[in-house]
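Student:
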Amino acid sequence: MAEIAPLPLSGLTTLRVGAAPARMIDARTRDELVAALREVWADGDPWFVLGGGSNLLAGDEPFPGTVIRILTSGFEEVGGAPEGFLRLRVEAGHNWDELVAWTVARGLSGIEAMSGIPGTVGAAPIQNVGAYGQEIVQTLVEVELIDELTGEVSVVPAAELGLGPRTSVLKHHYGSVPERSAVVLSLTLQLARVGHDARPVADARLRSALGLEPDVEVSVSWIRDTVLSIRAGKGMVLDDPDPDTHSAGSFFNNPIVTAEVARSLPEGCPRWPLAPQVDAVSVIPLAAYDGRVPRPATQESLVKVSAAWLIEHAGLPKGFALPRSRASLSTKHTLALTNRGGATAGEIAELARFVQSRVAADFGLVLMPEPVLVGVEL
């Protein structure tokens, strides 16, 4: 590992804000990353890791601790995949979209609809990254973690990560700490070998997102190209001359509410029912068994609603900005907060708070930020 002169985070994040931290370490190999984390944890210093910087809002004051840049890269095929599939172990610092492009070029399916998402591979399981009907939970086999509590490295099955809508046990949600404080060193994906020919798209969510009829056949490269075009139209593909892409992507999570709350929203608000969680295992003491098996218990139905719709219908159109602010909503997508040139973290946060207040006043819902906030309060 190499300790370097701290660089301003404004040059390392897609929102282009943030001061230089007190200390910065570059970790270019897995061993360097492990050593750096163990050293920082042993010293008890404040810390955070930085990958592609696409999901971070860093403050205008210097972070009083150590930032460890994860610069690892590379991947390899590993065993254990069933017939018709391939497993890849990928280093945490590898560029996500470069990985997607490589898999599509080799006729592998499973992450092609997540084309154009900025950032690194290690961030994908932290918030169960997804787009257009695909999520990392569908292909993730396991992750290699190093735990802050013990400093030990372990391989953890995907089923133990609590992967849900843009969440996991590893995610630092705003106002809380992760259930498990650990850093991803690598992950293993299982992808289908489908080749380059057109084929039906089995997933109804992906067909709907891409406007495909059930009998239409397309290739994985068509899906990638189409997703990149859609994302570019929303300013969600990084493009240096376009200030609409100087963002952290979707700044707010789509609220997940009860069916009752969803019914109270205007009819035009887009909503997506979530599958109910069913208690799959019921233990009945033998002495109490009367020959009848009770119905599985289910939780109250939950519904995901569109944060972008709520923002726009709270009177905040695309391109909205507060007076004299250099931050604004994207001119292409109301869910993205953008730096129009020289904005501070304070200006981004001020706009975020204003959006939250307007949506709360009109619809009674508090939008929660999706990016990690360091040195910033909403």
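Residue numbers (the working numbering): -3 to 374.
Backbone N, C-alpha and C fix where the C-beta goes; we use that ideal spot for every residue, glycine too.
1) Which residues does DSSP pair with Ser105 in a beta bridge?
2) In chain order, what residues of the same chain have a beta carbon less than 8 Å from the beta carbon of Leu3, not counting five sequence neighbours either side?
3) Alpha carbons only, please: which of Ile64, Leu82 and Leu369 is nearest the one belonging to Glu72?
4) Which word fits Ala205, buried or exposed, when buried means at least 16 other C-beta atoms lie within 10 angstroms of its C-beta?
5) Check whether the stretch 178 to 189 touches the stretch 125 to 137, taking contact to mean three or more Cβ pairs, one atom from each stretch, closer than 8 Å.
6) Do Asp22 and Ile0 come within 7 Å of each other at the CB atom, strictly closer than that value?
7) Does the separation of the CB atoms of Gly158 and Val165 fall below 7 Å?
8) Mind checking Leu95: buried by the 16 CB within 10 Å criterion, or exposed?
9) Drop a sphere of 10 angstroms on the beta-carbon of Ser6, count the other beta-carbons inside from all chains shown, and report buried for 16 or more, exposed for fewer.
10) If you scan the stretch 178 to 237 from start to end, which runs of the beta strand (DSSP E) of 3 or more residues do you find wholly inside it?
11) Kindly give me the distance between the Cβ atoms of Val74 and Leu46, rounded to whole angstroms, as I take these residues to be in contact under 8 Å.
12) Just to confirm the assignment, what range does the alpha helix (DSSP H) spanning Glu28 have?
13) What is the rounded straight-line gap between the Cα of Val13 and the Cα of Trp92?
14) Specify the secondary structure class of Gln130 as computed by DSSP and reduced to three states.
15) So does the stretch 110 to 122 actually touch the stretch 47 to 57, counting three or more Cβ pairs closer than 8 Å?
16) The alpha helix (DSSP H) spanning Phe359 covers which residue range?
17) Grab the span of the alpha helix (DSSP H) containing Leu136 for me, first residue to last.
18) So, for Ala18: in the same chain, excluding its five sequence neighbours on each side, which residues have a beta-carbon less than 8 Å away from its beta-carbon?
19) Starting from the C-beta of His242, find all residues in its chain whose C-beta is less than 6 Å away, skip the five residues before and the five after it, and write them out in chain order.
20) From Gly360 to Gly231, what distance separates their C-alpha atoms?
21) Cα-Cα, which of Gly76, Gly55 and Arg85 is closest to Thr68?
22) I'd like to know whether the C-beta atoms of Ala198 and Glu213 end up nearer to each other than 7 Å.
23) Could you tell me whether the Cβ atoms of Gly112 and Val233 are closer together than 7 Å?
24) If you reduce the DSSP assignment to three classes, tell me which class Arg336 lands in.
25) Below 8 Å, can you find three or more Cβ-Cβ pairs linking the stretch 297 to 308 to the stretch 252 to 269?
Tutor: Inspection of the coordinates gives the following:
1) DSSP output for Ser105 lists Ala188 as bridge partner(s).
2) Taking C-beta separations shorter than 8 Å and ignoring five residues to either side along the sequence, the partners of Leu3 in its chain run Ala16 and Met20, following chain order.
3) Taking only the C-alpha atoms, the option nearest Glu72 is Leu82.
4) By the neighbour-count rule (16 or more Cβ atoms within 10 Å), Ala205 is buried.
5) In short, these stretches touch, since the Cβ pair count reaches three.
6) Between Ile0 and Asp22, the C-beta gap is smaller than 7 Å, which places the two residues in contact.
7) Taking 7 Å as the Cβ cut-off, Gly158 and Val165 qualify as a contacting pair.
8) Answer is buried; the Cβ neighbour count reaches 16.
9) Residue environment: Ser6 is assigned as buried (16 or more neighbouring CB atoms within 10 Å of its CB, all protein chains considered).
10) The DSSP assignment places 178 to 189 as complete runs of the beta strand (DSSP E) inside the stretch 178 to 237, in order along the chain (cut-off: 3 residues).
11) Contact annotation, Val74 with Leu46: C-beta distance approximately 27 Å; criterion of less than 8 Å not satisfied.
12) From DSSP, the alpha helix (DSSP H) with Glu28 extends over Arg26 to Asp39.
13) A direct Cα-Cα distance of roughly 22 Å separates Val13 from Trp92.
14) Note: Gln130 maps to strand in three-state DSSP.
15) Result yes; three or more Cβ-Cβ pairs closer than 8 Å.
16) Annotation: the continuous alpha helix (DSSP H) that includes Phe359 extends over Ala341 to Phe359.
17) It is not in any alpha helix (DSSP H) - Leu136 instead sits in the beta strand (DSSP E) that spans Leu136 to Asp143.
18) Closer than 8 Å at Cβ, skipping near neighbours: Pro2, Pro58, Phe59, Pro60, Gly61 and Thr62.
19) Non-local C-beta neighbours of His242 in its own chain, meaning closer than 6 Å and more than five positions away in sequence, comprise Arg12, Thr334 and Asn335, ordered along the chain.
20) Straight-line Cα distance between these residues: approximately 29 Å.
21) Nearest in C-alpha terms to Thr68, of all of Gly76, Gly55 and Arg85, is Arg85.
22) Going by C-beta atoms, Ala198 is not nearer than 7 Å to Glu213.
23) Against a cut-off of 7 Å, the Cβ pair of Val233 and Gly112 comes out as a contact.
24) The answer is coil: DSSP assigns Arg336 none of H, G, I, E or B.
25) Yes, they touch.
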